[in-house]
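Q: Letter by letter, the sequence shown follows residues 36 to 531 in this note's numbering.
Positions of the beta carbon are idealized from the N, C-alpha and C atoms, including for glycine.
This is the structure I have questions about; it appears just below.
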Amino acid sequence: MTSSATSSLPPSRHERPSSRSSGRSVRAPSPALSLDDPVAVRNQVATLKHNIRHQQAQVTDLENHILRGPRPYSNLSDSMSTSTSNLNSPPPSSYSNRSPTPSGSSPTKVARRTSFEVLQGIAGPDSSLPLPMTGRRELGHSVNGSLSENGIKEGVPMTSPTTYKRVSSPTRTLSRIPVASVDLSGNARALAEEGAVAPSISSSSLLHSASIDTFLTSPTLPSLQLPPSPSATSSNSNRRVSLTPGGTTKVLADLQTGVINARNALENTKTQLRLSQRSVATLTRQTEDLKEGRERLRLENEGLNNVVARKERLLQEVLERARKAEAEATQLRSQLKSETSQSKKSLREMESALAESTALSQKSEREYITLRESLKHLTESWKADTDRLRDEIRKREERLKGEAEVMSKKYRKLVEEVQASRKCEDVKRLREEDKKKAKEIEDSWTEKIDKMKKAIEKIGKDSQADSETARELSAELARLRRLMQNASRVLANDEP
């Protein structure tokens, strides 16, 4: 009995994170995405959409499994293992035939078992409880071998033709487990006190065992039914009491065995009730975990939808940039072609201009060489002419200086003669002669100077040095004129 109870125990509280971790393990890590590859972006978007549909289908499958799951608490370990395996198993490809197990071998609806099989699975093979028999079994072969005549038939009332309708209890909750079933012994005593007034020990024991057997016959553990009528109880007790004295000891032993078995059954029932309550709490926690997982999956779904939208926007931006880049590349190709043709044309023009400029430069070089040679000859001739003119001017200056000295000597001699004579006539005559001679000399000098000036002007046109010489000669002529004028003034002043 202990081994069966231990085998049917639900998972403890410390096993709760397994469901959460299994719920978290559904999410797959997102791979690294390259925005430069549109094909990779499309594949990533398709993968994300497939994962979203997959998780939505898994959430729907879990909700349907929770809502449509079997309710009998005798097979709690199977249902819990099934629900736990469903948390970790991927959803099937077709959702028309959903199964609670990953293999899909068992149908969704659990086959209904009889109360005998349920109670036998709860009690175990070593139990001596008086279990109800099915209609196919013989009444003479009971489990403990002692109740051949008083075997309990399944679905058949005890002995009373009247049936009692179950009254709705305020202690019945929504979890399908009656709260009153927690204290089963007290409820059985209350029912026994209401059913019979001051019964005997044997009748109360039979009533107690019968009420327990009636409670155990329901596979879904409903609330306790009402006890049978007092008339049926009294008839059964009278029939047992009217046995032979030799069988009284056996009957008492059977009754004590039944009481012990009933107590054991009560303890087992309490244990199963605790297990059921734990299973209910575990299922409630699992339901909450599933709700949390569903909410988490919904949030992840929204996040993945946002990621997909963002990836689509990025893909659109990448495509727009690619289109713009293609348009710019086409424009640049056309621009490159036009610029290439223009550059080739300008290169041909530049080559022709270079050839022309090369020919012109060669011609200019030849002309430059010719001009340089001619200029060299001209400068040499100019130098020779200037040297010759400079010699001539020097000779003329020397001759003029000699003539000026002679004239000055004559003038002094003339002054001496004029002073010696002191005669007016002679002076006048000499003055007139002097004037005539001065005029003649002046005219001769003027003619010579004009000739020299013309020659100097002619030469000055050829050279700048000649012009300077002419200026010197003109200055000398002016000086001579001043000297002559000064001499005439001196003579005029010397006359008395």
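Quick check on Ser409: does DSSP put it in helix, strand or coil?
A: In this structure, Ser409 counts as helix in the three-state DSSP scheme.
Q: What whole-angstrom Cβ distance do Val450 and Leu526 have, given they're in contact under 8 Å?
A: Right, the Cβ-Cβ distance comes to about 7 Å (below 8 Å), so this counts as a contact.
Q: With DSSP collapsed to three states, give me the class of Asp324.
A: Note: Asp324 maps to helix in three-state DSSP.
Q: Output the distance between the C-alpha atoms of Arg320 and Thr306, rounded to the nearest integer angstrom.
A: Those two C-alpha atoms are separated by around 21 Å.
Q: Is Gly282 near the ligand PLP, in the sense that its beta carbon is under 8 Å from a heavy atom of that ligand?
A: The ligand PLP is absent from the structure shown, which contains no ligands of any kind.
Q: Starting from Asp96 and walking both ways along the alpha helix (DSSP H), at which residues does that stretch end?
A: Residues Pro73 to Arg103.
Q: Using CA atoms only, rank isn't needed, just tell me which of Ala362, Glu503 and Asn86 is closest to Thr421.
A: Nearest C-alpha to Thr421: Glu503.
Q: Buried or exposed for Ala439, please, with buried defined as at least 16 other CB atoms from any protein chain shown within 10 angstroms of its CB.
A: Looking at its Cβ environment, which holds fewer than 16 other Cβ atoms inside 10 Å, Ala439 is exposed.
Q: Is Ser17 buried or exposed, if buried means 16 or more other CB atoms sit within 10 Å of its CB?
A: Nothing can be reported for residue 17: it is not among the residues displayed for the chain, which extend from 36 to 531.
Q: For Gln79, count neighbouring C-beta atoms within 10 Å of its own C-beta (all shown protein chains included) and say buried if the count is 16 or more, exposed if not.
A: Classification for Gln79: buried.
Q: Per DSSP, what kind of secondary structure is Ser498 in: helix, strand or coil?
A: In this structure, Ser498 counts as coil in the three-state DSSP scheme.
Q: With 16 as the cutoff for other CB atoms within 10 Å, does Gln90 come out buried or exposed?
A: Classification of Gln90: buried, given that the 10 Å Cβ count is 16 or more.
Q: Given this structure, state the Cα-to-Cα distance separating Lys489 from Ala522, to the nearest angstrom.
A: Taking the straight line joining both Cα atoms gives about 28 Å.
Q: Evaluate Asn296 with the Cβ neighbour count: other Cβ atoms within 10 Å of its Cβ, from every protein chain shown; 16 or more gives buried, anything less gives exposed.
A: Buried, because 16 or more other Cβ atoms sit within 10 Å of the Cβ of Asn296.
Q: For a quick check, are the C-beta atoms of Pro73 and Val353 less than 9 Å apart?
A: Yes, they are a contact pair.
Q: Closest to His85 by CA distance: which of Ser381, Ser387 and Asn336 is it?
A: Closest by alpha carbon: Asn336.
Q: Please classify Ser387 as buried or exposed, where buried requires at least 16 other C-beta atoms within 10 Å of its C-beta.
A: With fewer than 16 Cβ atoms within 10 Å of its Cβ, Ser387 is classed as exposed.
Q: Within its chain, find whatever has a CB closer than 6 Å to the CB of Leu350; leave out the 5 residues flanking it on each side and keep chain order.
A: Result list for Leu350: Val76, in chain order.
Q: Whole angstroms are fine: how far does the CA of Glu98 sit from the CA of Gly338?
A: So the alpha carbons of these two residues sit roughly 22 Å apart.
Q: On the CB-based measure, 16 or more other CB atoms within 10 Å of its CB, does Ala316 come out buried or exposed?
A: When all chains shown are included, Ala316 counts as exposed.
Q: Since Ile101 and Leu310 should fall inside the 8 Å C-beta cutoff, what is the C-beta to C-beta distance between them, to a whole number of angstroms?
A: Ile101 to Leu310, Cβ: 20 Å. No contact.
Q: Looking at Leu508 and Ile476, is the spacing between their C-beta atoms short of 9 Å?
A: It is not a contact, given that the beta carbons lie outside the stated cut-off.
Q: Note down, in chain order, each residue of its chain lying with its Cβ closer than 6 Å to the Cβ of Arg425, except the 5 sequence neighbours on either side.
A: Nothing meets the Cβ criterion.
Q: Let me know if Ser314 comes out buried or exposed under the rule of 16 or more other beta-carbons within 10 Å of its beta-carbon.
A: Label assigned to Ser314: buried.
Q: Leaving out the 5 sequence neighbours to the left and right, which residues in its chain are closer than 6 Å to Ile428 when beta-carbon positions are compared?
A: Excluding sequence neighbours, Ile428 sits near Thr504.
Q: Looking at Leu435: is its Cβ nearer than 9 Å to the Cβ of Glu511?
A: Yes.
Q: Around the Cβ of Ile404, are there at least 16 other Cβ atoms within 10 angstroms (buried) or fewer (exposed)?
A: The residue in question, Ile404, is exposed, as its Cβ has fewer than 16 Cβ neighbours within 10 Å.
Q: Ignore the nearest five residues each way along the sequence and tell me which others in Ile87's own chain have a CB closer than 6 Å to its CB.
A: Closer than 6 Å at Cβ, skipping near neighbours: Asn336 and Leu339.
Q: Going by beta-carbon coordinates alone, are Met487 and Arg431 separated by less than 9 Å?
A: In contact: Met487 and Arg431 (Cβ atoms closer than 9 Å).
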